[in-house]
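In our numbering, the protein residues as written are 7 to 602.
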Ligand code: FAD
Ligand code: SIN
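Written out as C-alpha cells, the structure reads:
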C-alpha cells in the first residue's frame, strides 16, 4: 500500500507525464490513470476488486490522497468556483466514487438534474437507460441457489425518507435492519423536497397562532385528491402528522417555520427556519438517526426480487450489488420504500400518455423498478394513471421552483404580462393553466420582500435562473413583456392585497404586496413530479395482494404506495406521508418479526 505522501508524489508525477503527453498514452478512465501509480491494490484491497458495494476501502484511498469532501470544497472556494461540486444538498457522506468512476467514464452525479458544466477529468455525459429487474436470469438463479449471504430481521428497500424513517422506527421497536439503496447516494426524491411538510394542530402552529384542525387537513387532502383517496389512509396521515413533526424535532430537526401550499385552507407546511428546503434537512436528520441506530446501509445495491416460501411468506430479497454481484439476504420482513417513477418517462407515458416527453423534477433513481419487484411478488396496485405535473419547473436550470415562492407571495404571469390563475390552487389546475399560455410556460414574478422571506430563493439566484430588474419596467423589458401590462398587473394585485380580496382569481392568501425593489422573474413550466398511484396498503402499511388479503411479511410506505393522495397530491403532503407511513411500516414490520 502506498503512503499518502508517496501517493501524492506519484500522482503529481503521473499527472505531469500525462500533461506532457510524452511518457503515457492518454488514459480513458480513472483506473488507467491510477495504474501509473501501482497495481490494483492502489485502489482495491486486493486484485479481486471491491469487497463491498459502498466501495468503503476505495473511497478511503481517494480521500487519503486528495483530501475529504470538505477539503475539496475548500479548494473549490479558493478557485472561486460559482458552484462547488463537492458541496451539495445530497445527504450522508458522499462517496468520491459517486462521480469519479474507476473502470467506466466518470459522470458528475448532479448533472442528472442540473445543467452544470463541471470540468470532471475522464468524464462522459449523464445518460441512464432503465435496466429491467429480470435481466441476467441465470446469474440470479445461481445466487438464489447459493443461499443467503446475510441474515437480518427487516430488509428495507430504498433510502428516501420513507425507508430511513422505517429504519429508525424498526430499530426503535427492536428489529435489526439492512437498508438497500440502488443509487450511489442516499436520499431519493426526499433530499430534493423543498416547500415543506404538512401537519395539523402542531406545537409550531400554536406558537404562531395558526388555527388548524386534523379534520380540515383530512378535508383538504380528500378534496385535492378528487375524493378518490383511501379515507382510512388519509385519516392516519392527518391524525399522526403533528406527532411526526414532534418525532423529527426530537431527533434534532428544525420544523418551526410554516408556510402555505396549494389547496391548503391554512398555513400548515412546516419547514426549517427562514423557509429553507425541507427535504435535505429531514433526510439528513433521519439518515443520521438510522446510522446511529446501527442500520446497515448499503448503496449501489438494487433489490431485484422478493423471495417467498411456498406458502407465500416473505423470506428475503435478491440484491444486485453493483460491484459484488447478485446475492441473497434472508429476512422475515421486507419494506418497499422505493419511491415513484417520475424519472422514467416511458413508464409515465404508459400510464398517462399526455405526459410523454415531459421533463421531470425527480432524482435519477425514480424509475419504478421497486413497483416491478413488488408486482412480481403478487402485490396489487391502485391509481397508477394519476401522475402529477409540478407547475413550476425551471427549463433553464432543470430544477423545480418550490410552491412556497407562490405561497409567500409570488404571482404567475404570462408573456403578455397578465395573471391568469389563482397561484395557490391545486397543482393539476395550475399546470393546466400554464400549458394554455403562449409558449406553454409562464413567469413567477416577485419582489425583494418575498426573496427575504424564503431562504430557498437564494439557491435559485445562485443557480442563475432568476432575472432581476431594478424596477418593474426594467424587469418587463428584460423578460420581453409589455411594460404597461406588467405594471398594471402588479398594481392591481397590490390593490387586492390592500383590500384582502382577489376579485380576479380568488386567490385565498395574499401575504404581501409587491412593492420592494428589486423585482425578480423565473420562467417556469410543468414537469412530471409525483406518482400518486402505487402499491395498495392498509393502515398498518401491509401490502395487499390481488385477492384483497395481505402478503405476509411485505410492507410498503411513501411514494411507492397509492391511496393517500388520490388523484392529485397536495403540496407538502408527501413528506408527511413518508415520515408517518415510514414510521408505521417500521413498527409493523418489527412487530411482525417479533410475533413470528
Ligand atoms: P424516495 O425519497 O424517492 O426514495 C426512494 C429510494 O428508493 C430512492 O433513493 C431510489 O433510488 C430507491 N430505490 C428504488 N428502487 C429500488 C430498488 N429496486 N432497490 C434499491 N433501491 C431502490 N413533497 C412534500 O411533501 N413537500 C415538498 O416540499 C416536496 N418537494 C419536492 C421537491 C422535488 C424536487 C421533488 C422531486 C419532490 C418533492 N416532494 C415534496 C415529493 C417528496 O419529496 C417525495 O414524494 C418523497 O420524498 C418520496 O419519498 P420516498 O421515501 O417514498 O421515496
Ligand atoms: C414544492 O415545494 O413546490 C414541492 C412540494 C411538494 O411536492 O409537495
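Even for Gly, the Cβ is constructed at its ideal location relative to N, Cα and C. Given the structure is predicted, the values throughout are model-derived calculations rather than measurements.
Nonlocal neighbours in the same chain, by C-beta distance under 8 Å from residue i, ignoring five residues either side
i: residue 509; result: 502
i: residue 253; result: 585 and 589
i: residue 422; result: 444, 487, 488 and 491
i: residue 56; result: 50, 63, 64, 329 and 330
Buried or exposed by the 16-neighbour rule on C-beta atoms within 10 Å, applied to residue i
i: residue 104; result: buried
i: residue 209; result: exposed
i: residue 67; result: buried
i: residue 136; result: exposed
i: residue 86; result: exposed
i: residue 97; result: buried
i: residue 256; result: exposed
i: residue 369; result: buried
i: residue 251; result: buried
i: residue 591; result: buried
i: residue 284; result: buried
i: residue 28; result: Note that residue 28 has pLDDT 40, beneath the 50 cutoff, so the model's placement of it is unreliable and no number is given.
i: residue 586; result: buried
i: residue 263; result: buried
i: residue 278; result: buried
i: residue 462; result: buried
i: residue 141; result: exposed
i: residue 144; result: exposed
i: residue 110; result: exposed
i: residue 123; result: exposed
i: residue 127; result: exposed
i: residue 134; result: exposed
i: residue 4; result: Lying before the first or after the last residue shown, residue 4 is absent from the chain, which here runs from 7 to 602.
i: residue 338; result: buried
i: residue 214; result: exposed
i: residue 232; result: exposed
i: residue 349; result: buried
i: residue 554; result: exposed
Same chain, Cβ closer than 7 Å to residue i, neighbours up to 5 away in sequence not counted
i: residue 448; result: 418, 419, 420, 440 and 530
i: residue 512; result: 428
i: residue 485; result: 449, 473 and 527
i: residue 500; result: 519, 520 and 521
i: residue 235; result: 227, 228, 569, 570, 571 and 572
i: residue 355; result: 361 and 362
i: residue 280; result: 263 and 461
i: residue 582; result: 203, 204, 205, 243, 247 and 250
i: residue 476; result: 523 and 524
i: residue 602; result: 338
i: residue 495; result: 419, 423, 424 and 425
i: residue 220; result: 206, 207, 244 and 245
Rounded distance between the beta-carbons of residue j and residue i, thought under 8 Å
i: residue 90; j: residue 83; result: 7 Å
i: residue 108; j: residue 37; result: 4 Å
i: residue 453; j: residue 379; result: Residue 453 to residue 379, Cβ: 48 Å. No contact.
i: residue 387; j: residue 542; result: 6 Å
i: residue 609; j: residue 566; result: Residue 609 lies beyond the stretch modelled for the chain, which goes from 7 to 602, so this question has no answer here.
i: residue 291; j: residue 258; result: 6 Å
i: residue 593; j: residue 175; result: 5 Å
i: residue 456; j: residue 404; result: Between residue 404 and residue 456 the Cβ distance is about 23 Å, and since that is not below 8 Å, they are no contact.
i: residue 323; j: residue 312; result: 6 Å
i: residue 408; j: residue 201; result: 4 Å
Cβ shell of residue i (< 6 Å), same chain only, five flanking positions each side left out
i: residue 156; result: 335
i: residue 181; result: 159, 160, 596 and 599
i: residue 367; result: 396, 399, 406, 533 and 535
i: residue 319; result: 558 and 559
i: residue 353; result: 347 and 374
i: residue 34; result: none
i: residue 459; result: 414
i: residue 451; result: 417, 419 and 527
Proximity test, residue i beta-carbon vs the ligand FMN heavy atom, cut-off 7 Å
i: residue 415; result: Ligands in the displayed structure: the ligand FAD and the ligand SIN; the ligand FMN is not one of them.
On the three-pair Cβ rule with 8 Å, is the stretch 215-231 touching the stretch 395-404? No: the two stretches stay apart, fewer than three of their Cβ pairs being nearer than 8 Å.
List, from N- to C-terminal side, the beta strand (DSSP E) runs of 3 residues or more that fit wholly inside the stretch 175-211. Within the stretch 175-211, the complete beta strand (DSSP E) runs of at least 3 residues are 183-186.
Along the chain, which unbroken stretches of the alpha helix (DSSP H) at least 4 residues long are found entirely within the stretch 277-354? 285-298
Just to confirm the assignment: which complete alpha helix (DSSP H) runs, minimum length 4, are found wholly within the stretch 426-454? 433-441
At what residue ranges does the stretch 535-581 contain a whole run of the beta strand (DSSP E), taking only runs of 3 or more? Counting whole runs of 3 or more residues, the stretch 535-581 contains the beta strand (DSSP E) stretches 540-542, 548-550 and 556-562.
Would you check if there are 3 or more beta carbon pairs closer than 8 Å linking the stretch 183-194 to the stretch 162-169? Three or more pairs of CB atoms, one per stretch, sit closer than 8 Å, so the stretch 183-194 contacts the stretch 162-169.
Which ranges would you report for the alpha helix (DSSP H) in the stretch 23-98 if only whole runs of at least 4 residues count? Qualifying alpha helix (DSSP H) stretches, in chain order: 36-41, 62-72 and 75-84.
Three Cβ pairs or more, each shorter than 8 Å: is that satisfied between the stretch 298-309 and the stretch 459-474? no
Report yes or no: do three or more beta-carbon pairs, one from the stretch 266-278 and one from the stretch 573-580, lie closer than 8 Å? yes
To test your reading of the DSSP string, which unbroken alpha helix (DSSP H) runs of 4 or more residues are found completely within the stretch 464-490? 478-484
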